[in-house]
Amino acid sequence: ILKYNSNIDKLILWEFQKKGHIKSFFYALKLRRENYDVSITPFPANKFYYSIVNFLIGGKERISHKYPINKFLAAGYLFTRRIPINDKLHEIEENLDLIKLIGINSTKKNKNLDIFIDANSMKYANNFIKTLNIEKNDRIVGLHPGSSEQAGMINKRWDKDKFVKVADVLSEKHKCKILLFGGKNENQLKQYIYEAMKNKPIIVITDDISRTAALISKCSAFLTNDTGLMHIAAAIGIPVVVIEGPVDPIRTAPLTEKTTIVCLPLLCRPCYKVGATLKCRFGHYNCLKYVDVDKVVHEVVKYL
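The sequence shown runs -12 to 291 under my numbering.
What follows is the structure, given as structure tokens:
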């Protein structure tokens, strides 16, 4: 996501969890020798090891949010300054509030995300689309039926059979080509939808986020749960239809005009709290169960 961002002078990628504790510890000490002025832990990042990494890197100013969790795990003692979470703000605005601590006030009215796609990724997407034999009146709809599985986030997913029904209507009635997106952890889900659909979708197989973004840029609309690909599609400027259940769209929805949130006006939603495992306290997930297929189709078609 950040690799081709022209606003960044230097980007360091170190996957602390994958590299292991010992290697990561010594790498953090290596970064400490850079004598950073500021080290920011952006929102949401309430895991203890994020705080440890921030501390080990050793920025003179170490800033973060105050998370409503166990004081030891919140690790406020490892930071120089923290601000409380404001659950009335969008998460983008939560992060903009962080940099106010170092004297930076954003005056930008458009707070939508930006994404930069490299030329090779666009070439890949163009070649991929050429192989699909798309007719003049065909339109491409991106479909992301999955989500992260960590901390109960799998419970954000709309029913897979309803995704199948929507995709079939779009394919048969509205002459849409369906591109099916998702990561490795969603391969089984994608295969299920492929086999269940009457008109077979095109499964996107790439773990490269820039190539994924380039392919999304070819879509007329993007239908998704509340996911990272939702934000990528919105950042590119693709119309997005989001099926929201337990999560509050005021906090997470894309800040673009071409975004439609499909959700139900239930008294029990939104119920997800930052830092908690996402789980319906009643066990019924009615906020997702009763989202209507025809309603979703209608909202997607408006963008075609």
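Virtual Cβ for every residue (Gly too), placed ideally from N, Cα, C.
Treat the numbers as computed from the prediction; the structure is a model and nothing was measured.
Residue span of the alpha helix (DSSP H) that contains residue i, given as start and end
| i | result |
| --- | --- |
| valine 191 | Here valine 191 belongs to no alpha helix (DSSP H), and DSSP marks it neither H nor E. |
| isoleucine 219 | 215 to 223 |
| isoleucine 39 | 35 to 44 |
| arginine 20 | Looking at the DSSP string, arginine 20 is not in any alpha helix (DSSP H), and its letter there is neither H nor E. |
| valine 284 | 280 to 288 |
| isoleucine 116 | 106 to 117 |
| leucine 65 | Neither: leucine 65 is in no alpha helix (DSSP H) and is coded neither H nor E. |
| leucine 202 | 196 to 203 |
| asparagine 273 | 273 to 276 |
| isoleucine 56 | That residue, isoleucine 56, is in no alpha helix (DSSP H); it is neither H nor E in DSSP. |
| tyrosine 181 | 174 to 183 |
| glutamine 137 | Run containing glutamine 137: none; DSSP gives neither H nor E here. |
CB contact flag (residue i, residue j, <8 Å)
| i | j | result |
| --- | --- | --- |
| lysine 98 | glutamate 80 | yes |
| isoleucine 248 | valine 261 | no |
| phenylalanine 168 | leucine 100 | no |
| glycine 45 | arginine 69 | no |
| leucine 303 | alanine 220 | Absent from the structure is residue 303, since the part of the chain shown begins at -12 and ends at 291. |
| isoleucine 102 | cysteine 206 | no |
| proline 257 | proline 233 | yes |
| leucine 265 | lysine 143 | yes |
| lysine 152 | valine 280 | yes |
| alanine 62 | phenylalanine 30 | no |
| isoleucine 190 | tyrosine 179 | no |
| leucine 16 | serine 38 | no |
| phenylalanine 115 | proline 132 | no |
| lysine 87 | aspartate 125 | no |
| asparagine 212 | tryptophan 145 | yes |
According to DSSP, residues forming a beta bridge with residue i
| i | result |
| --- | --- |
| leucine 130 | Leu167 and Leu210 |
| serine 26 | Arg49 |
| valine 261 | According to DSSP, which records beta bridges pairwise, valine 261 is partnered with nothing at all. |
Whole-angstrom distance between residue j and residue i, CA atom to CA atom
| i | j | result |
| --- | --- | --- |
| alanine 183 | valine 287 | 20 Å |
| leucine 202 | asparagine -6 | 23 Å |
| lysine -10 | threonine 193 | 17 Å |
| lysine 110 | leucine 119 | 15 Å |
| cysteine 255 | isoleucine 56 | 22 Å |
| valine 85 | serine 93 | Residue 85 is actually leucine in this sequence, not valine. Straight-line Cα distance between these residues: approximately 11 Å. |
| asparagine 73 | arginine 238 | 10 Å |
| leucine 166 | tyrosine 14 | 40 Å |
| lysine 75 | asparagine 186 | 43 Å |
| serine 11 | histidine 285 | 49 Å |
| lysine 6 | aspartate 155 | 43 Å |
| glycine 270 | tyrosine 259 | 13 Å |
| isoleucine 89 | valine 227 | 34 Å |
| aspartate 148 | asparagine 113 | 30 Å |
| glutamate 78 | histidine 52 | 12 Å |
| lysine 47 | histidine 161 | 57 Å |
| glutamine 137 | lysine 171 | 14 Å |
| asparagine -8 | isoleucine 225 | 19 Å |
| proline 188 | alanine 263 | 35 Å |
| lysine 177 | valine 40 | 35 Å |
| isoleucine 104 | histidine 8 | 33 Å |
| leucine 275 | asparagine 174 | 22 Å |
| glycine 129 | proline 71 | 37 Å |
Residue i at chain B interface by Cβ criterion, 8 Å
| i | result |
| --- | --- |
| valine 128 | In the structure shown, chain B cannot be found, because there is only a single protein chain. |
Range of the contiguous beta strand (DSSP E) that encloses residue i
| i | result |
| --- | --- |
| arginine 238 | Premise fails: arginine 238 lies in the alpha helix (DSSP H), 236 to 239, not in any beta strand (DSSP E). |
| arginine 69 | 68 to 71 |
| threonine 247 | 246 to 249 |
| valine 153 | First-last for valine 153: 147 to 159, but that is the alpha helix (DSSP H), not the beta strand (DSSP E). |
| isoleucine 230 | 227 to 230 |
The ligand NAP heavy atom lying under 7 Å from the CB of residue i
| i | result |
| --- | --- |
| glycine 129 | In the structure on display, the ligand NAP does not appear, and there are no ligands present to speak of. |
>> When you compare the stretch 19 to 28 with the stretch -3 to 11, are there three or more beta-carbon pairs, one atom per stretch, that lie closer than 8 Å?
In response: no
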